[in-house]
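Down below is the structure, laid out as structure tokens.
There are 2 protein chains.
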Amino acid sequence: MGHVTSVSPFAPKALPDVPEIPGVRFATAEAGIRYKGRTDLLVTVLDPGTVVAGVLTQSKTRSAPVEWCAEGLKSGKARALIVNSGNANAFTGKRGREAVEITAQAAAKAAGCSPAEVFIASTGVIGEPMDAGKFAHLLDQLAKDAVPGGFAAAARAIMTTDTFPKLATRSAEIGGVEVTLNGFCKGAGMIAPDMATMLCFLFTDAAIEQPALQALIAQEADRSFNCVTIDGDTSTSDTLLAFATGAAEARGAPRIADAADPRLASFRAALGDLMRELAILVAKDGEGITKFVTIDVEGAESDRAARTIGLAIANSPLVKTAIAGEDPNWGRIVMAVGKSGEAADRDTLSIWFGDFLVADKGERAPGYEESVVAKYMKGSDIVIRVDVGVGSGRNRVWTCDLTHGYIDINADYRS
Amino acid sequence: MGHVTSVSPFAPKALPDVPEIPGVRFATAEAGIRYKGRTDLLVTVLDPGTVVAGVLTQSKTRSAPVEWCAEGLKSGKARALIVNSGNANAFTGKRGREAVEITAQAAAKAAGCSPAEVFIASTGVIGEPMDAGKFAHLLDQLAKDAVPGGFAAAARAIMTTDTFPKLATRSAEIGGVEVTLNGFCKGAGMIAPDMATMLCFLFTDAAIEQPALQALIAQEADRSFNCVTIDGDTSTSDTLLAFATGAAEARGAPRIADAADPRLASFRAALGDLMRELAILVAKDGEGITKFVTIDVEGAESDRAARTIGLAIANSPLVKTAIAGEDPNWGRIVMAVGKSGEAADRDTLSIWFGDFLVADKGERAPGYEESVVAKYMKGSDIVIRVDVGVGSGRNRVWTCDLTHGYIDINADYRS
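Just so you know, the protein sequences line up as chains C and A, in that order.
Residue numbering for the first sequence follows our numbering, starting at 1 and increasing by one per position.
Residue numbering for the second sequence follows our numbering, starting at 1 and increasing by one per position.
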């Protein structure tokens with residue numbers, strides 16, 4: 001990247017300390033795939049018995065690694081995860097598929113498993129042929145070097161235009177035994193909700209059978225990553241994978257087969273919370289961000305309608321530029337609600353910026369004082385609340401503003 | 001508007017000379033609704049017998065004037081059209097409806113017709129209460145002063161952030177008699193295809209009955225205004241109205257009752273051509289435009305699918321910023337095709353920038369030379385062609401790039 005990118009003002013001050021997950025080992029390397037002087041290759045070795053669940057982009061032009069993961073999810077068993085940054089291996093035709101196969105075979109040999117148990121994700125430029133020869137020969141030694149922990153280094157190795165690594169941890173109990181959940185993700189542009197957005201990898205030592213893990217992940221993705229948008233553009237490579245090593249079983253944790261098992265209550269809450277934290281970190285690293293925006297929609301026809309309305313607001317260039325300009329231009333919120341396609345009624349619609357009611361049941365709020373609300377807009381965390389007034393559906397969506405920085409970054413990303 | 005807006009580099013060098021339309025008279029005034037030192041009020045007086053057809057925004061939060069026009073279109077008779085700029089009278093509640101009624105009554109008195117024969121359109125800021133008292137008292141004198149011709153002044157009076165007036169003319173023959181079609185429109189932001197986009201007014205002396213005119217307008221809107229996007233944001237106020245005075249009947253033109261009448265062939269072609277010219281003028285005045293972009297999609301499942309794919313490309317912030325940056329980043333076109341939701345197959349997809357094949361059936365074209373295509377991207381008219389390779393549907397879409405200028409304009413439109 002030719003441009004200078006400063007770190008997002010919403011970057012956490014420090015990375016969290018995350019504990020090891022028994023059965024998960026990492027190694028990273030500088031393979032020089034595109035970037036120089038930074039890690040761009042992540043090798044993850046997973047103990048035998050690890051199950052994997054995932055959600056993948058719904059794009060019709062999805063990348064070769066995404067197609068590979070879709071195949072692998074059918075068996076649901078994982079022994080290795082290989083991630084590279086700098087090249088998405090997307091729209092690379094037959095050579096793209098070959099690069100994936102070469103990678104899987106090399107990783108399988110290194111981890112002592114079958115290629116079908118290797119998961120692969122690639123992120124970076126679309127359409128550049130991917131030369132797996134650049135890193136396939138490194139996998140054997142990296143698998144040997146892989147050590148428990150190392151989550152922070154792993155989160156760094158998968159970054160592209162991200163300005164900070166995104167890492168989080170939670171603990172939960174299953175049957176009275178504590179289990180750990182760690183996750184990291186990346187994403188800064190081409191971020192829009194169509195299943196799992198961007199790359200996200202979750203790890204736990206809980207013993208959960210694959211169908212149950214898949215159900216949990218799908219439900220929670222809908223309430224986290226699928227509620228985040230930077231620019232409405234859906235990547236060819238979006239991949240969310242969750243690996244459960246089952247190592248907690250040795251410490252007495254029960255093995256859970258059913259997502260509805262009440263013993264999963266703590267785990268489910270921790271998982272959802274972890275995924276929301278990671279999703280919010282993605283929004284907080286939106287390209288060119290100066291304002292972090294939370295949009296609460298209530299009174300919609302359904303929860304799903306509330307999300308659609310929230311995303312129509314969050315994806316509107318006019319709303320996003322108004323926020324960048326610190327302009328409490330609530331008329332643009334009205335516009336976005338109107339264009340969302342969901343049930344709405346102008347005369348029941350109310351809008352708040354922060355605690356300030358600006359529009360009340362179809363017209364400007366009687367007590368509205370623009371100067372007061374304009375002051376609120378100068379803050380860096382903006383909350384927009386919309387009551388559609390036609391039902392009881394609600395949802396929350398996260399996004400950022402649209403600034404000169406976004407244009408700077410994306411007008412010359414490849415140069 | 002506090003910012004300095006320079007005229008779009010795509011503004012026509014001169015406005016076309018447009019002939020009078022018998023039965024149509026205009027007057028404009030500086031009513032000071034929001035702007036100072038420019039006209040912001042248009043009064044149009046139409047001869048008895050004029051029929052009107054139209055298409056209106058599908059927004060769920062549509063403005064009071066749009067609701068008024070929807071009512072008026074049921075009878076399909078028009079004697080006056082009142083347009084103001086500076087205030088959209090949208091999301092203005094009961095007072096908004098009252099302002100429309102006051103305007104209609106004053107205009108009806110001035111034109112000697114019933115309020116139901118008065119059509120009203122308002123454009124500008126959303127959510128500001130509209131004071132019809134600012135101009136209702138002017139309507140009587142303006143109706144008296146209205147003169148044939150004056151199309152250029154009319155086109156100027158309805159501008160908001162437009163940097164140039166948008167006016168076009170065509171002629172056609174019906175039953176061997178020449179008829180005239182004139183039109184003008186406005187729109188520069190909050191432009192996206194959901195029925196008629198922005199304000200557009202068409203006038204003809206042809207004698208066409210209302211249902212036939214309505215059918216023609218709806219069909220041609222789908223191939224013109226509904227194929228233009230600036231920012232994907234759909235206005236609360238989009239209004240396209242077509243007025244046919246029937247004055248050509250006195251010169252021997254037949255009165256046409258059926259849109260499928262073969263005698264309408266010339267008229268239909270001229271109407272479509274006129275509407276496309278006006279729609280393209282809207283794209284050429286997109287806020288902050290530096291590149292005018294034509295997107296040709298072929299090989300889609302249907303013509304409608306081709307338009308959806310074209311609009312997914314045209315609305316993608318990543319595609320638009322790449323074009324602004326003169327970057328032939330065709331990977332983002334791949335991404336946009338993939339996210340459109342329409343049938344597509346990565347391995348049959350081919351993409352051209354101008355005459356340069358950049359992606360060929362699922363991977364980078366063998367002869368692709370980035371430096372050559374980068375030179376093409378430095379031009380001001382960019383043509384992107386996409387062959388989806390799954391069917392025979394085709395469509396064309398027009399848009400502009402996304403630049404710092406768009407952000408400048410929209411971060412402080414109201415200040």
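Using N, Cα and C, we set each Cβ at its ideal position, and we do this for glycine too.
These numbers were taken from a predicted model, which means no experiment stands behind them.
Throw me the rounded Cβ distance for the residue i and residue j pair, which I believe falls under 8 Å.
i, j, result
"residue 390 of chain C", "residue 344 of chain C", "6 Å"
"residue 205 of chain A", "residue 180 of chain A", "6 Å"
"residue 311 of chain A", "residue 410 of chain C", "About 19 Å separates the two Cβ atoms, so there is no contact after all."
"residue 377 of chain A", "residue 61 of chain C", "Not a contact, Cβ separation roughly 22 Å."
"residue 388 of chain C", "residue 349 of chain C", "6 Å"
"residue 182 of chain A", "residue 203 of chain A", "5 Å"
"residue 422 of chain A", "residue 65 of chain A", "The question about residue 422 of chain A has no answer, for chain A in this structure spans 1 to 415."
"residue 393 of chain A", "residue 301 of chain A", "6 Å"
"residue 380 of chain C", "residue 12 of chain C", "The pair is not a contact, with the Cβ atoms about 14 Å apart (cut-off 8 Å)."
"residue 245 of chain A", "residue 24 of chain A", "6 Å"
"residue 403 of chain A", "residue 315 of chain A", "Actually they do not touch by this definition, with Cβ atoms about 15 Å apart."
"residue 240 of chain C", "residue 256 of chain C", "About 20 Å separates the two Cβ atoms, so there is no contact after all."
Please tell me whether residue i has its Cβ less than 8 Å away from any Cβ of chain C.
i, result
"residue 85 of chain A", "no"
"residue 4 of chain A", "Note that residue 4 of chain A scores 46 on pLDDT, short of 50, meaning its location in the model is unreliable and no value can be drawn from it."
"residue 325 of chain A", "yes"
"residue 284 of chain A", "no"
"residue 410 of chain A", "yes"
"residue 407 of chain A", "yes"
"residue 338 of chain A", "yes"
"residue 212 of chain A", "no"
"residue 417 of chain A", "Any answer about residue 417 of chain A is impossible in this case: the structure gives chain A only from 1 up to 415."
"residue 236 of chain A", "yes"
Would a C-beta distance cut-off of 8 Å place residue i and residue j closer than the cut-off?
i, j, result
"residue 333 of chain A", "residue 383 of chain A", "no"
"residue 251 of chain A", "residue 395 of chain A", "no"
"residue 154 of chain A", "residue 50 of chain A", "no"
"residue 419 of chain C", "residue 53 of chain C", "The shown model of chain C, from 1 to 415, leaves out residue 419 of chain C, and the question about it has no answer."
"residue 157 of chain A", "residue 40 of chain A", "yes"
"residue 401 of chain A", "residue 323 of chain A", "yes"
"residue 313 of chain A", "residue 289 of chain A", "no"
"residue 304 of chain A", "residue 224 of chain A", "no"
"residue 100 of chain A", "residue 89 of chain A", "yes"
"residue 102 of chain C", "residue 132 of chain C", "yes"
"residue 127 of chain A", "residue 330 of chain C", "yes"
"residue 22 of chain C", "residue 247 of chain C", "yes"
"residue 242 of chain A", "residue 199 of chain A", "no"
"residue 168 of chain C", "residue 81 of chain C", "no"
"residue 174 of chain C", "residue 264 of chain C", "yes"
Using a Cβ cut-off of 8 Å (strictly closer), state whether residue i contacts chain A.
i, result
"residue 363 of chain C", "yes"
"residue 395 of chain C", "no"
"residue 163 of chain C", "no"
"residue 335 of chain C", "yes"
"residue 19 of chain C", "no"
"residue 331 of chain C", "yes"
"residue 318 of chain C", "yes"
"residue 248 of chain C", "no"
"residue 39 of chain C", "no"
"residue 7 of chain C", "no"
"residue 404 of chain C", "yes"
"residue 310 of chain C", "no"
Residue i lies in the beta strand (DSSP E); which residues open and close that run?
i, result
"residue 267 of chain C", "It is not in any beta strand (DSSP E) - residue 267 of chain C instead sits in the alpha helix (DSSP H) that spans 265-283."
"residue 296 of chain C", "292-300"
"residue 40 of chain C", "Looking at the DSSP string, residue 40 of chain C is not in any beta strand (DSSP E), and its letter there is neither H nor E."
"residue 200 of chain C", "199-204"
Which residue comes first and which comes last in the alpha helix (DSSP H) that contains residue i?
i, result
"residue 394 of chain A", "That residue, residue 394 of chain A, is in no alpha helix (DSSP H); its beta strand (DSSP E) goes 393-400."
"residue 460 of chain A", "Outside the modelled stretch of chain A, which goes from 1 to 415, sits residue 460 of chain A, for which no answer is possible."
"residue 410 of chain C", "404-411"
"residue 30 of chain A", "Where residue 30 of chain A is concerned, there is no enclosing alpha helix (DSSP H), given that its DSSP letter is neither H nor E."
"residue 166 of chain C", "Residue 166 of chain C -> not in any alpha helix (DSSP H); beta strand (DSSP E) instead, spanning 166-174."
Given the structure, does residue i come close to the ligand GDP, in the sense that its CB is under 7 Å from one of the ligand's heavy atoms?
i, result
"residue 49 of chain C", "The ligand content of the structure shown is nil, which means the ligand GDP is not present either."
Name, going along the chain, the residues of the region 81-109 of chain C whose beta-carbon falls closer than 9 Å to a beta-carbon of chain A.
88, 90, 91, 92, 93, 94, 95 and 96
By the 8 Å beta-carbon criterion, what residues does the region 342-376 of chain C contribute toward chain A?
342, 343, 344, 345, 346, 347, 349, 359, 361, 362, 363 and 364
Of all the residues that make up the region 49-62 of chain A, which are near chain C by a beta-carbon distance shorter than 9 Å?
57, 58, 59, 60, 61 and 62
Along the region 120-137 of chain A, where does the CB come closer than 8 Å to a CB of chain C? Name the residues.
125, 126, 127, 128 and 129
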